[in-house]
Structures are given as C-alpha cells and as structure tokens.
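Student: In the numbering used here, the protein residues as written are 907 to 1103.
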C-alpha cells in the first residue's frame, strides 16, 4: 500500500520512482517524503487527466507522464534509465506543454493529426515542442503518436475481425500500406501476425 511505499522511499532513497496510474494521494505522499520533493516521479497512465485537471498536473514538480501504450518502447525505457542516473526532468512550467501535447494526441489520434496542429494545441512552435518533447520522453511527438496509434491497432487486431484497411483508418493512418510499414518497423512483425486465431 501507500504506507509501505512511503517507508521504502524513506529507507532506500531511490533516484526515480515509476508508478502505474495517476493517483494524486500517492503523488502527495511521495512529495512529502524526505527525498520526495525532488524525486523524479514517472507515472504510466491508461488515459490522461481531463483538461480541467491539467493545470493541477502542471503544478507538480519533477513529474513525467507517459501513456501505457507507449511506455514499453525502447526510447522511453532508455529515457527512464537516464532519469534514474541524472534525475533531470523538464521544469513543471515546460513539462506541462509536453503533457498537454500528449493529451491532445490521445484525444485526436484516430483522426488527422499534423505536427503543426499538435504544436498549435499547446501554443508553441513545432521545433520547440519537438525539442522539449524529445528531452522529456526520449522521442519526438511524431514518434510518440506513431507508437500510440500502433498500440491502438494491436487491440483492434486482437479483438476484432476488421480488415486491415479499416483498422488503419480507425487508428489515424492515412492508408493501409503506410500503416503496415509503420507497424512492421515498430513491432518487427506484420499486423496480420498479431491477430488471435
């Protein structure tokens, strides 16, 4: 439980804490523990907090959010290792731009998303967003979106009999050929090979 985690944090003095699920009580507890005020906290979420709560999320220092669908990719895992060794996460003021961009991508992933629309959604330039996004998560916004979309498609591949062309469209890919190329590059397999019998 939370009490046990507090004891571990105080006893071990971790360099980074990775938790699954956004729990404001847990975050408060970690921030109140002795090393917790500067302890980088990485939260793997299944869905981003609603826009109304994003301002409060932006006030939490040393907090990184990542969607669970993207968290297993090597780029993000490498970023977690870096955080564990040097503890650097963007400031809360800058990090909220990344979190809002992630939320925008989650909300709009199934539709037509462009780099400029993502940047516009957080009122910044494409270049600046790409730079801070990569620094925060170890990948560009476009790489993040591609990985998120592929993971959305995996669920459809395993749970439906929809044709690949329909899955591609439902997950925001412009066509089946492009979807298959991106899928194979990221999963080292074809979409059809992940279908359950």
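All C-beta atoms in this analysis are idealised placements derived from N, C-alpha and C, irrespective of residue type, glycine included. None of the values given here were measured: they were computed from a predicted structure.
Thinking residue 1100 and residue 1052 are a contact (beta carbons under 8 Å), I'd like their distance in whole angstroms, please.
Tutor: Counted from its first residue, the chain shown places residue 1100 at position 194. Counted from its first residue, the chain shown places residue 1052 at position 146. Actually they are not in contact, since the Cβ atoms of residue 1100 and residue 1052 sit about 16 Å apart, beyond 8 Å.
Student: Evaluate the contact criterion for the segment 976-984 versus the segment 1027-1039: three or more CB pairs, one atom per stretch, below 8 Å.
Tutor: no
Student: Go to residue 1086, then tell me how far its beta strand (DSSP E) extends in each direction, as first and last residue.
Tutor: As a position in the chain shown, residue 1086 is number 180, starting the count at 1. Here residue 1086 belongs to no beta strand (DSSP E); instead the alpha helix (DSSP H) covers 1082-1093.
Student: Here's the rule I'm using: 16 or more other beta-carbon atoms within 10 Å means buried, otherwise exposed. How should residue 1025 be labelled?
Tutor: Here residue 1025 corresponds to residue number 119 of the chain shown, with the count starting at 1. Under this definition residue 1025 is a buried residue.
Student: Would a C-beta distance cut-off of 8 Å place residue 995 and residue 972 closer than the cut-off?
Tutor: Along the chain shown, read from residue 1 onward, the residue named residue 995 stands at position 89. Along the chain shown, read from residue 1 onward, the residue named residue 972 stands at position 66. Not a contact, by the Cβ cut-off of 8 Å.
Student: Out of curiosity, what's the CA-to-CA distance linking residue 1062 and residue 1075?
Tutor: The residue labelled residue 1062 in the question sits at position 156 within the chain shown. The residue labelled residue 1075 in the question sits at position 169 within the chain shown. C-alpha separation (whole angstroms): 12 Å.
Student: Determine the burial state of residue 1102: buried for a count of at least 16 other Cβ atoms within 10 Å of its Cβ, exposed for fewer.
Tutor: In the chain shown, the residue the question calls residue 1102 occupies position 196. So residue 1102 counts as exposed.
Student: At which residues does the beta strand (DSSP E) containing residue 972 begin and terminate?
Tutor: Looking up residue 972 in the chain shown gives position 66. Its beta strand (DSSP E) spans residues 969-973.
Student: With burial defined as no fewer than 16 other Cβ atoms inside 10 Å of the residue's Cβ, what is the status of residue 987: buried or exposed?
Tutor: What you label residue 987 is simply residue 81 of the chain shown in a count that begins at 1. Classification for residue 987: exposed.
Student: What does the alpha-carbon distance come out to for the pair residue 1082 and residue 1018?
Tutor: As a position in the chain shown, residue 1082 is number 176, starting the count at 1. As a position in the chain shown, residue 1018 is number 112, starting the count at 1. Rounded to the nearest angstrom, the two C-alpha atoms are 15 Å apart.
Student: Measuring only the C-alpha atoms, how far is residue 952 from residue 927?
Tutor: Taking the chain shown and counting its residues from 1, the one referred to as residue 952 is at position 46. Taking the chain shown and counting its residues from 1, the one referred to as residue 927 is at position 21. Each residue's Cα considered, the two are about 7 Å apart.
Student: Got a sec, what are the start and stop residues for the alpha helix (DSSP H) residue 950 sits in?
Tutor: For the purposes of this step, residue 950 is taken as the residue at position 44 of the chain shown. Not the alpha helix (DSSP H): residue 950 falls in the beta strand (DSSP E), residues 947-951.
Student: So what does residue 923 bridge to, in DSSP terms?
Tutor: Against the chain shown, residue 923 aligns to sequence position 17. BP columns for residue 923 point to 947.
Student: Looking at residue 985: is its Cβ nearer than 8 Å to the Cβ of residue 1044?
Tutor: Residue 985 sits at position 79 when you count from the first residue of the chain shown. Residue 1044 sits at position 138 when you count from the first residue of the chain shown. Yes. Within cutoff.
Student: Excluding the 5 residues preceding and the 5 following residue 1055 in the sequence, name in chain order all residues of the same chain whose CB lies nearer than 6 Å to its CB.
Tutor: The count along the chain shown starts at 1 and reaches residue 1055 at position 149. Hits under 6 Å: 1015, 1077, 1078.
Student: Is residue 1023 helix, strand or coil by DSSP?
Tutor: Here residue 1023 refers to the residue found at position 117 when the chain shown is read from its first residue. DSSP places residue 1023 in the helix class (H, G or I) of the three-state scheme.
Student: Among 1048, 1065, 962, 1080, which has the Cα closest to the Cα of residue 1011?
Tutor: Indexing the chain shown from 1 puts residue 1011 at position 105. Of 1048, 1065, 962, 1080, the residue nearest in Cα terms is 1048.
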